[in-house]
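Just so you know, the protein sequences line up as chains C and E, in that order. Using the UniProt record's numbering, read the first sequence as starting at 1 and increasing by one per residue. Using the UniProt record's numbering, read the second sequence as starting at 1 and increasing by one per residue.
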Amino acid sequence: MHHTSDNSRRPSVLHIFKIYYPDLFGGTLTVIRDICASLKDAFAPAVLVCSQSAAKRQIVVNDVPVERVRSFGNLLSLPAAPTYPWRLWRKIAEHDLLALHAPFPLADLVFAFGFGRKRPLVVHWHADIVSHAGLRWLIEPLMRRTLQRAKAIIVSDHVLVDNTPLLREFEDKCHVVPFGIDTSGYDWPNIEPHHVNDRGRLVLACGRLVPYKGFDVLIRAAAAHSFEVWIIGEGAERPRLTQLIEELGLTERVRLLGSVNDCERIKLMCLADVFVLPSVTNAETFGLAQLEAMAAGRPVVNTALDTAVPRVARHGMEAITVPPGDSEKLGEAIDSLIRDPERRRHMGLAARTRALSRYSATAFRQGMETVYRDAVAAPSEQRSMNVEPPPATAWFDSIRIAATLAWSDMRHRYVRSLLGPFWMSLQMAIVVAVLGSVIGQMSNADMLSRLPMLALSMTAWTFLNSVVLDATTALQSSASLIRDRALPPVIFLLQCTFRQGLFALHNACVPLVLWLILSPHDLSHAPAALPGLLLFLACTFALSLVLGAMATRYRDLKPIIESTLMLAFLASPVIWSSDMINHRSTVMRLNPLTHLFAVWREPLTGVHVDPISIIYVLVVLALLIIASALTLVHLRKAAFWI
Amino acid sequence: MVSISLRNVCLDYPLYGAYDYSLKRRLLGRLIREPGEMRIIRAVDNVTIEAETGARIGLAGPNGSGKSTLLRLIAGVYPPSSGSIAVEGNVVPLLGLNAGVNLDFVAEDNIALLLRISGRKPTRATIDEIWAFTELEARMQRLPLRMFSSGMLMRVLFATATAFPADILLLDEWLSVVDEHFAEKAQERLLNLVSQAAIVIIASHDQPLLRRTCSRIVTLDHGRIASTVMVEPPATHALELREKRA
């Protein structure tokens with residue numbers, strides 16, 4: 001690739017957003033394009049976005065390589081691109097800096113799960129989530145996690161930080177870099193002489209045809225007055241707006257111009273008499289279009305949003321600011337400007353001055369470059385975390401310490417009494433005897449031959465039950481070792497499994513003795529049961545890891561876990577077997593414990609295991625492993641909980 | 001190469017209130033949009049410390065100034081909220097003497113367990129050596145720790161904790177607990193241990209101790225580094241020790 005030599009010199013930055021040229025035109029995209037273009041000497045840009053078009057996946061837009069992930073339409077304003085997180089994760093490693101253009105929850109998903117931690121991340125906060133605010137509770141934790149790991153957050157105006165609770169949490173990371181505009185495209189000397197024409201009735205607006213832009217308000221405002229309205233832009237609202245124009249009988253005066261290229265747009269800006277930004281929600285954070293109009297020396301009418309909109313063009317100086325969504329006030333404001341050429345001239349000049357001085361492209365480029373450079377230069381925030389995935393020896397050490405602790409726990413039982421854990425075995429023997437006789441009474445089956453299996457099932461259940469229950473208190477009771485000796489918390493969860501494993505071996509003497517007495521001594525089925533037993537052990541450990549950590553973080557979980565285990569004991573074929581009751585009831589079939597027991601018990605009795613059981617157990621194990629992996633990440637914070 | 005490098009390390013310590021431990025409360029709170037009352041304090045604030053082989057760093061400061069938390073950060077107990085921590089070498093944190101003790105076990109088993117926890121294989125010889133240092137009777141090795149007086153317990157724990165040298169030694173304030181008779185011997189052993197370690201970080205209120213053992217004293221206040229003072233080599237003290245031994 002011919003970029004390679006460049007990339008070795010310049011750090012590369014990956015811009016992450018949902019959509020890019022040529023699929024759409026709009027303010028955010030202009031910003032991304034401008035960043036790419038203006039920083040191209042310092043950073044090699046690349047863009048990863050979604051696209052609904054089935055055309056080429058890799059394209060080049062304005063010298064910038066763009067990868068477009070296939071999307072199958074929009075779902076709740078988000079591109080339905082199932083492979084995007086995967087592509088993003090793959091791309092992260094290739095770049096030195098990540099620039100996420102928020103909001104984009106699909107990318108938050110990747111960062112929230114801790115991928116791409118090794119690369120510095122800068123978040124460009126374009127807007128808060130305004131549409132589908134009902135789903136905010138779902139998205140906000142993800143966004144918070146992204147912001148937590150971000151090196152810097154770039155906003156266009158400080159008012160966004162003040163008015164966005166989420167950003168206020170990260171105020172120290174926020175950098176204000178106002179958008180800048182390249183004014184060289186505006187042929188000012190040529191415009192200036194006939195800067196304002198006295199006839200003046202052309203009102204221009206510009207933006208994607210989406211609801212928050214408030215073009216319907218503008219159209220309604222036009223109905224009550226005599227000015228002409230031209231709207232630049234394309235979007236899903238077009239049919240509705242067209243219908244509205246027809247309904248109000250404004251086809252003569254209100255025109256939807258559709259998409260217009262940059263050069264044409266600037267010409268139109270210079271031609272117009274008043275520029276209007278009628279946006280109705282805070283999704284409009286800055287209003288880049290009004291800045292372009294200001295550069296063209298146009299007076300602006302904008303709306304009093306809680307964003308930078310009324311601060312870029314200020315009421316009474318460069319603009320008239322009206323309440324959002326109020327077509328009457330909007331119309332009056334436009335009309336007052338139309339009727340007063342002197343005021344338009346005055347405001348237009350002020351606007352031009354402000355655009356040049358306050359929002360220059362140079363200041364924007366410098367601001368961005370500083371933030372990017374600092375982000376790349378800053379040492380990776382969590383370097384210790386990167387080192388963290390412990391090498392094999394560390395894992396081995398952990399397991400060894402856990403085993404030592406479990407062994408000493410078992411020895412401790414012998415210290416206090418001669419029988420040690422065999423007391424529990426004795427108790428187990430009694431339980432099995434009583435249960436055996438009761439069940440023998442209830443069903444007519446030959447109970448004596450079932451006794452060894454009953455005892456074995458009880459042993460296995462006791463193991464699972466105690467491992468999980470132990471795990472819920474393990475971290476708290478080992479607080480001093482975790483905090484003062486810096487032992488990894490996972491050791492103590494592992495210790496529970498080891499310890500209960502040792503106890504289970506003691507208990508296993510009960511089924512063993514029963515088997516020796518009551519059954520024909522046929523060992524041929526035992527090897528077939530081993531894989532199932534290993535699955536059982538793995539599931540038990542993973543479950544104890546997840547529940548142990550959660551119960552430490554949330555103390556009210558322990559009673560819930562206790563009662564759930566009790567319920568699970570009753571609902572699972574531990575003391576009764578599936579053929580004793582109504583064959584395969586729904587609850588039993590759905591209960592993962594049924595299958596967890598079936599995978600080793602059935603081979604032991606010489607019955608073939610139902611493949612469904614194996615699949616069920618494997619799926620459960622896979623889920624538990626994912627949950628365990630997440631838990632291990634969170635266990636780093638365990639010292640805070642205990 | 002043994003080194004510790006802390007760059008702009010911050011730790012936001014979450015203070016979980018009674019409700020923050022409740023999952024039900026948290027889920028409900030989200031539904032009724034009640035803001036959580038979880039408070040966060042900045043326990044370590046923008047601390048930068050570089051230590052190479054031979055560094056002896058003393059951490060001073062009032063209670064709650066973040067000394068222990070900083071040691072725990074270096075030990076890897078807490079993940080830093082921001083900044084970077086790079087530690088090379090085998091870290092032995094001795095932050096609380098009691099950690100890992102089971103009072104029902106006999107002394108010998110406890111020593112063996114503690115040695116295993118710190119990654120050492122307990123042999124008869126090492127246990128005897130440790131026991132010799134405690135100056136306790138040999139038959140007490142077979143008694144559960146529960147029967148020991150607190151002074152005796154401290155002797156056993158101290159002797160065990162300081163039995164092996166480490167690359168990086170993190171010590172929290174715990175010398176004071178050793179009784180007076182034992183203190184001198186303990187000091188000597190500690191200094192010996194300190195002299196063998198590549199890097200030592202001691203948190204203490206005992207200024208004279210820090211001045212004797214450390215080459216650099218970092219004073220913390222509210223999690224920030226208030227001052228860093230270089231100390232002259234403690235020549236007089238080494239002399240003093242040699243005289244006593246002679």
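Even for Gly, the Cβ is constructed at its ideal location relative to N, Cα and C.
Contact annotation for F396 of chain C against chain E: no contact, minimum CB-CB distance about 11 Å [criterion: below 7 Å]. With the rule of 3 Cβ pairs closer than 8 Å, the stretch 106-113 of chain E counts as touching the stretch 150-163 of chain E. Among the residues of chain E, none has a CB under 8 Å from the CB of H346 of chain C; the nearest is roughly 47 Å distant. Residues of the stretch 546-572 of chain C with a C-beta atom less than 7 Å from some C-beta of chain E are Y554, R555, D556 and L557, listed in chain order. By the beta-carbon neighbour count (other beta carbons within 10 angstroms, threshold 16), W395 of chain C is exposed. Listed along the chain, the chain C residues whose CB falls inside 9 Å of the CB of R72 of chain E are R483, D484, A486 and A639.
When secondary structure is reduced to three states using DSSP, Q52 of chain C falls in the coil class, being assigned neither helix nor strand. The beta carbon of S215 of chain E sits no closer than 9 Å to any beta carbon of chain C. Three or more Cβ pairs closer than 8 Å define a contact, and the stretch 30-43 of chain C meets that threshold against the stretch 53-65 of chain C. Taking C-beta separations shorter than 6 Å and ignoring five residues to either side along the sequence, the partners of F115 of chain C in its chain run W89, following chain order.
For A75 of chain E, a Cβ of chain C is located within less than 9 Å of the residue's own Cβ.
Taking a Cβ-Cβ cut-off of 8 Å, the neighbours of N102 of chain E in chain C comprise S408 and H412, given in sequence order.
Contact with chain E is found for R400 of chain C, since one of that chain's Cβ atoms lies less than 9 Å from the residue's Cβ.
Within the stretch 116-143 of chain C, contact with chain E at the beta-carbon level (separation under 8 Å) is assigned to W137. Note that the C-beta distance between T53 of chain E and I199 of chain E is below 9 Å.
Identification of chain C residues near S22 of chain E by a Cβ-Cβ cut-off of 8 Å yields Y554, R555 and D556, ordered along the chain. Chain-ordered, the chain E residues with CB closer than 8 Å to the CB of T404 of chain C read L113, R116 and I117. Y186 of chain C and R224 of chain E have their C-alpha atoms roughly 52 Å apart. For D12 of chain E, the pairing in a beta bridge is given by DSSP as E:R42.
Taken through DSSP and simplified to helix, strand or coil, F179 of chain C comes out as coil. Under the Cβ distance rule, S480 of chain C counts among the residues neighbouring chain E, one pair being separated by less than 9 Å. With its beta carbon less than 9 Å from one in chain C, R25 of chain E belongs to the interface.
The C-beta separation of L330 of chain C from L218 of chain C comes to about 7 Å, placing the pair in contact by the 8 Å criterion. For R117 of chain C, the three-state secondary structure derived from DSSP is coil. The stretch 267-281 of chain C makes contact with the stretch 301-314 of chain C, as at least three CB pairs between them are under 8 Å. The stretch 69-89 of chain C makes contact with the stretch 46-57 of chain C: 3 or more CB pairs, one atom from each, lie closer than 8 Å. Within the same chain, Cβ atoms closer than 7 Å to the Cβ of Q207 of chain E are found at A60, the five residues on either side in sequence being excluded. L157 of chain E does not reach chain C, its nearest Cβ partner there being about 12 Å away, counting only Cβ pairs nearer than 8 Å. The alpha helix (DSSP H) runs lying completely inside the stretch 75-131 of chain C and spanning 4 residues or more are 84-92 and 105-112, given in chain order. Counting the other CB atoms within 10 Å of its CB gives N507 of chain C a total of 16 or more, which places it among the buried residues. Taking 4 residues as the shortest admissible run, the stretch 274-310 of chain C contains the following complete alpha helix (DSSP H) segments, listed from N- to C-terminal end: 288-295. For the stretch 295-308 of chain C, there are no residues whose beta carbon sits under 7 Å from a beta carbon of chain E. Taking a Cβ-Cβ cut-off of 9 Å, the neighbours of V415 of chain C in chain E comprise D104, F105, V106, D109 and P144, given in sequence order. Residues of chain E whose Cβ lies closer than 7 Å to the Cβ of R636 of chain C are, in chain order, P79. Its chain contains A221 and A224 as the residues whose beta carbon lies nearer than 8 Å to that of E328 of chain C, once the 5 sequence neighbours on both sides are disregarded; these appear in chain order.
With its beta carbon less than 9 Å from one in chain C, L95 of chain E belongs to the interface.
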